[in-house]
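Residues 0 to 516 (numbering that gives the first Met the number 0) are what the sequence shown spells out, left to right. To start, the structure itself, in structure tokens.
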Amino acid sequence: MRLSVGITHLSPAWKILLEQIAPLCEELTSATDWSTENYGCIIVSSTISGAAKEKLMHFLIDGGSLLLETEGAEQMLGTKSKPAFVDYIDTTDDPLFSSLASGFIGQKMNLPSKATQLKERHGRHLIEETAVGKGKVIILPGGLINSVLSWGRVRRNFPSHGPWMPSERVAKVSKRTVRDIVHRSLQELFWRRDLPFVSLSPFPNGENSVFNFRVDTDFASQEAVETLYKLCNKHDVPATWFVETGSCQEWVDQYGKMEGHEIGLHCFKHRISNDYTKNELDMRKGTSILRKNGITPRGYAAPFGEWNRALAKALEHRGFEYSSEFALNYDDLPFYPFLGERSSFVLQVPVHPISTSTLRNARHSTEEMKDYFETNMEDHLANRLPLFIYDHPANPDHEALDWLFQTVKERKISALTMGQYADWWKVRAGTHWSAQLKGGLLQLSSSDWDDSVKVEVSQSSNRNMMVGKNTDLKLTETAWLTTQPKTNRQPHISVLHRLNRKMIFNDILHTYWKYKL
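Here it is in structure tokens:
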């Protein structure tokens, strides 16, 4: 039995999600054996022909599992749906998805008429489960998958116990939530067939997370940069510095002397444009200043965390290998953005968008900042997300950062530069492997498998393990790791959805500084 996922068409949105989740997956063809021995689950991602429908119905009746959206379900099963605007997805107390984070959508979707799982703002259910023959089906709302292609941005509140919730202009769609829903659905469809779900770990050596400290230098003084650099070195944190080069031309060589740290480009002038030529010119100026001082930047982080396709194409032209913009995505796994006609060559590495200066703006004390980062760390570790934090040298809370770096070290969370993680992610993406189940024996094999790439094996929501390459594993004799129930310290998503006067004021300030700088 091959522990593989089949998909009828690998659309851009599905490509992003499946590369993040990284199960064994292949696109189906007319020559493919669409049998229950060949695939644990099939994703119906496109309009299908009569012949394909017949194959899928045989697969389902024989005990296979299908994952599809309402459009495919209507064609396959005659499922009815109705359009509705979905502000957010609420996972609270859901029997199947309660372990996932709630998230924002902010767009119209088609909801299955007999949905019983997950809820939106007004209490309407979003996901339908059904059975056909011996097979199981999960029907997602139409439009959910393509929502990950959105690059709209909006100011959002972030949960905190301080006087005000901090806010930032970030990606409009909570793409992490969409990925989590797909991941959990695939797991459930495998488990319903008494099959383990296998996928590549998102972190080197199967760790729960990795830590990165990203620094956007934004008009910082030489002294402020040196102070933050020394704080990083005190805790052996290899930071990634994105340099705003326009204000530091006389002493930019200081960045080239930073041993063990990574230097990338933030900008020459602190703004981005919807015009390709203007973006490319700014990158050229900034890169030239760095290179004259012996620095060749591989990574880029845009001013204000913004992203657009003109920026993405300029990044490609200038040869950048990765970038990091929280207005495209945040608190999620890396991916290659879709540019309308193809995927970008530049890897996007999401980061958490709230800095100590943002927390100070929300009237947080140092102790409240520590509490904020503690909660954020617990969330990222429990949900296996990269713990990527960013700040600025000009006005950070050094005491809070000192505590954060010390806590990361005490918890033995590996600290990497953003470039190191991007490099490893590409190694993971290039791994060719296979997984089969024969009489309770799980067999994993590959001819080009890096030792740092591990496989996650799960048999239920609280039974999992991490294994390496070329493994033969008797599942009945395995010591499974038991996952502890997650404790949720976050307010209900409806609280985060509320607009307040602080958000409005911050948006006015954002607009002012965007054109002032």
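The beta carbon of each residue, even a glycine, is placed where N, CA and C say it ideally should be.
> How do the segment 359 to 372 and the segment 171 to 180 stand: do at least 3 beta-carbon pairs fall below 8 Å, yes or no?
Replying inline: No, the segment 359 to 372 is not in contact with the segment 171 to 180.
> Per DSSP, what kind of secondary structure is D422 in: helix, strand or coil?
Replying inline: Position 423 of the sequence shown, counted from the start, is the residue given in the question as residue 422. If DSSP states are grouped into helix, strand and coil, D422 belongs with the helices.
> Are V43 and L55 touching if we call contact CB-CB under 8 Å?
Replying inline: To locate residue 43, count along the sequence shown from 1; it is residue 44. To locate residue 55, count along the sequence shown from 1; it is residue 56. Yes, Cβ-Cβ distance for V43 and L55 is below 8 Å.
> Within this structure, are the beta carbons of R213 and L99 separated by less than 8 Å?
Replying inline: For the purposes of this step, residue 213 is taken as the residue at position 214 of the sequence shown. For the purposes of this step, residue 99 is taken as the residue at position 100 of the sequence shown. No; because the gap between Cβ atoms is not below 8 Å, this pair is not in contact.
> Are the segment 192 to 205 and the segment 390 to 409 in contact at 8 Å, needing three or more beta carbon pairs?
Replying inline: Judged by pairs of C-beta atoms under 8 Å, the segment 192 to 205 does not touch the segment 390 to 409, as fewer than three such pairs exist.
>> Considering only DSSP beta bridges, list what P82 is partnered with.
In response: By one-based count along the sequence shown, residue 82 stands at place 83. Beta-bridge pairing links P82 to N109.
>> Just verifying my parser: in three-state terms, what is the DSSP assignment at L310?
In response: Taking the first residue of the sequence shown as 1, we reach residue 310 at position 311. Look at L310 here: in three-state DSSP terms it is helix.
> From L338 to S323, what does the alpha carbon distance come to, in whole angstroms?
Replying inline: Mapped onto the sequence shown, residue 338 falls at position 339. Mapped onto the sequence shown, residue 323 falls at position 324. So the two alpha carbons sit approximately 16 Å from each other.
> What number of angstroms, rounded off, separates the C-alpha of F157 from the C-alpha of L495?
Replying inline: As a first step, residue 157 is located in the sequence shown; it is residue number 158 there, counting from the start. As a first step, residue 495 is located in the sequence shown; it is residue number 496 there, counting from the start. One C-alpha to the other measures close to 7 Å.
> Considering G285, what are the terminal residues of the alpha helix (DSSP H) in which it resides?
Replying inline: As a first step, residue 285 is located in the sequence shown; it is residue number 286 there, counting from the start. First-last of the alpha helix (DSSP H) with G285: Y275 to K291.
> Do you know how far the Cα of E279 is from the Cα of N307?
Replying inline: Walking along the sequence shown from the start, residue 307 turns up at place 308. Walking along the sequence shown from the start, residue 279 turns up at place 280. Distance between the alpha carbons of N307 and E279 is about 13 Å.
> Mapping DSSP to helix, strand and coil, what is P302?
Replying inline: Here residue 302 corresponds to residue number 303 of the sequence shown, with the count starting at 1. Looking at P302 - three-state DSSP - the assignment turns out to be helix.
> DSSP beta-bridge partners for Q248?
Replying inline: Indexing the sequence shown from 1 puts residue 248 at position 249. Beta-bridge analysis with DSSP links Q248 to no other residue.
>> Quick check: L23 and S3, are their CB atoms within less than 8 Å of each other?
In response: Taking the sequence shown and counting its residues from 1, the one referred to as residue 23 is at position 24. Taking the sequence shown and counting its residues from 1, the one referred to as residue 3 is at position 4. In this structure, S3 lies closer than 8 Å to L23 by Cβ.
> Just the Cα atoms here: how many angstroms apart are I180 and E225?
Replying inline: Indexing the sequence shown from 1 puts residue 180 at position 181. Indexing the sequence shown from 1 puts residue 225 at position 226. If you draw a straight line from the Cα of I180 to the Cα of E225, it is about 43 Å long.
> If you scan the segment 0 to 33 from start to end, which runs of the alpha helix (DSSP H) of 4 or more residues do you find wholly inside it?
Replying inline: Entirely contained in the segment 0 to 33, the alpha helix (DSSP H) runs reaching 4 residues are, in chain order, 11 to 20.
> So, helix, strand or coil for N145, using DSSP?
Replying inline: Indexing the sequence shown from 1 puts residue 145 at position 146. When DSSP states are grouped into helix, strand and coil, N145 belongs to the helix group.
>> Restricting to Cα atoms, I'd like to know which of P111, L143 and E36 is closest to T129.
In response: Here residue 129 is taken as the residue at index 130 of the sequence shown, counted from 1. Ranking the options by Cα distance to T129, first place goes to P111.
> To the nearest angstrom, how far is it from the Cα of K517 to the Cα of G102?
Replying inline: The requested residue 517 does not occur in the structure, where the chain is confined to residues 0 to 516.
> When we look at the beta-carbon of D396 and count the other beta-carbons within 10 Å, is it buried (16 or more) or exposed?
Replying inline: Position 397 of the sequence shown, counting from 1, holds the residue named residue 396. The residue is buried, with at least 16 neighbouring Cβ atoms inside 10 Å.
>> My assumption, with CB atoms under 8 Å, is that M464 sits in contact with W479. Please give the rounded CB distance.
In response: The residue labelled residue 464 in the question sits at position 465 within the sequence shown. The residue labelled residue 479 in the question sits at position 480 within the sequence shown. About 6 Å separates the two Cβ atoms, so the contact holds.
> Should E340 be labelled buried (16 or more other beta-carbon atoms within 10 Å of its own) or exposed?
Replying inline: Working through the sequence shown from its first residue, we reach residue 340 at position 341. So E340 counts as exposed.
>> Let's test the definition: count the other Cβ atoms within 10 Å of the Cβ of W190 and tell me whether it reaches 16, buried, or not, exposed.
In response: On the sequence shown, position 191 is the one that residue 190 refers to. W190 is classed as buried because its beta carbon has at least 16 other beta carbons within 10 Å across all chains shown.
> According to DSSP, what are the bridge partners of S101?
Replying inline: Residue mapping note: residue 101 aligns to position 102 of the sequence shown, counting from 1. Under DSSP, S101 forms no beta bridge with any residue.
> In three-state terms, what does DSSP make of I138?
Replying inline: Counted from its first residue, the sequence shown places residue 138 at position 139. When secondary structure is reduced to three states using DSSP, I138 falls in the strand class.
> Could you give the residue range of the alpha helix (DSSP H) that holds M257?
Replying inline: For the purposes of this step, residue 257 is taken as the residue at position 258 of the sequence shown. Taken as a continuous stretch (DSSP letters only), M257 belongs to no alpha helix (DSSP H), as it is neither H nor E.
> In whole angstroms, what separates the C-alpha of L95 from that of V236?
Replying inline: Within the sequence shown, residue 95 is the residue found at index 96, counting from 1. Within the sequence shown, residue 236 is the residue found at index 237, counting from 1. Taking the Cα positions, L95 is about 38 Å away from V236.
>> Considering Cα atoms alone, identify which of D447, S444, K268 and Q248 is closest to R290.
In response: Here residue 290 refers to the residue found at position 291 when the sequence shown is read from its first residue. Nearest C-alpha to R290: Q248.
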